[in-house]
Amino acid sequence: MYFDSLFISRSTPENIAINLAGECTCDKCNHGCKYGAGALKKGEEKKLAKFLKLKEEELKEKYLEEIELFNTKLFRPKLIREQGKPYGRCVFFDGEKGLCKVHQAKPLQCKIASGHEHGKQMHVWFVLNHFVNPDDPESIRQYAEYLKHNKTIPGGALLELIPNKIKLRKIINYEILR
Ligand code: SF4
Numbered sequence: 013m014y015f016d017s018l019f020i021s022r023s024t025p026e027n028i029a030i031n032l033a034g035e036c037t038c039d040k041c042n043h044g045c046k047y048g049a050g051a052l053k054k055g056e057e058k059k060l061a062k063f064l065k066l067k068e069e070e071l072k073e074k075y076l077e078e079i080e081l082f083n084t085k086l087f088r089p090k091l092i093r094e095q096g097k098p099y100g101r102c103v104f105f106d107g108e109k110g111l112c113k114v115h116q117a118k119p120l121q122c123k124i125a126s127g128h129e130h131g132k133q134m135h136v137w138f139v140l141n142h143f144v145n146p147d148d149p150e151s152i153r154q155y156a157e158y159l160k161h162n163k164t165i166p167g168g169a170l171l172e173l174i175p176n177k178i179k180l181r182k183i184i185n186y187e188i189l190r
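Quick note, the sequence shown lines up with residues 13 to 190 if you use my numbering.
What follows is the structure, encoded as structure tokens:
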């Protein structure tokens, strides 16, 4: 259920998670920018808009797209997709220099993502703190499906999110819908 070597937990504070990820612009770490983009946590649009000297609405229209995971919607930078492909380069990735054009204001998921060995655990940390919503039964049901095929980190087991066993069972069995 948990990763074999534990590196981070759901309750690890954001600043520690960022420090643990470290800053890196190596090819391995930039790989994600060529085929996707990290999500902004709620409210980060403001900082990115300020950095780009745009109004928030303008930023969303020109540069962001909405994504949904575990019944939660967040924004990420638009992807420049080649025709017919579901993935593409992040709109803020400078392919020639191999650099992020919005480095100082990049999304939290980009800050904690990296190609290092703990990358998967960092991804789960972001998912648990910003996509999985213990107050939303549908979010929990979708996460329960995810857990059937994926490992998690401490704090991310179903009973850690919903400690009441009866409530959890009812959520999973659709006896509690919303
Ligand atoms: S915002 Fe920057 S770090 Fe994040 S995916 Fe785009 S180019 Fe990469």
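C-beta atoms are modelled at their ideal positions from N, C-alpha and C, and glycine is treated no differently. Owing to the predicted nature of the structure, the values given are computational and were not obtained by experimental measurement.
According to the Cβ coordinates, are residue i and residue j closer than 9 Å?
i: K74; j: L66; result: yes
i: E68; j: K58; result: yes
i: P119; j: L18; result: no
i: Y155; j: L173; result: yes
i: A33; j: I124; result: yes
i: K46; j: R101; result: yes
i: G48; j: Y99; result: yes
i: D148; j: N83; result: yes
i: L60; j: F143; result: no
i: K163; j: V136; result: yes
i: K113; j: D106; result: yes
i: A51; j: I79; result: yes
i: K72; j: A117; result: no
Is it buried or exposed, residue i, if we count other Cβ atoms within 10 angstroms and call 16 or more buried?
i: I92; result: exposed
i: M134; result: buried
i: I178; result: exposed
i: Q121; result: buried
i: I20; result: buried
i: I183; result: buried
i: N27; result: exposed
i: N185; result: exposed
Have a look at the DSSP bridge pairing and note the partners of residue i.
i: I92; result: R101
i: T24; result: T24 pairs with nothing; no bridge assigned.
i: L86; result: I79
i: D106; result: L111
i: Y186; result: Note: Y186 sits in no beta bridge, so no partner.
i: Y14; result: T164
Pop quiz: residue i and residue j are said to be a contact at Cβ under 8 Å. What is the actual Cβ separation, rounded to whole angstroms?
i: K90; j: L76; result: 6 Å
i: L170; j: L180; result: 6 Å
i: G131; j: R22; result: Incorrect: roughly 17 Å between the Cβ atoms, too far for contact.
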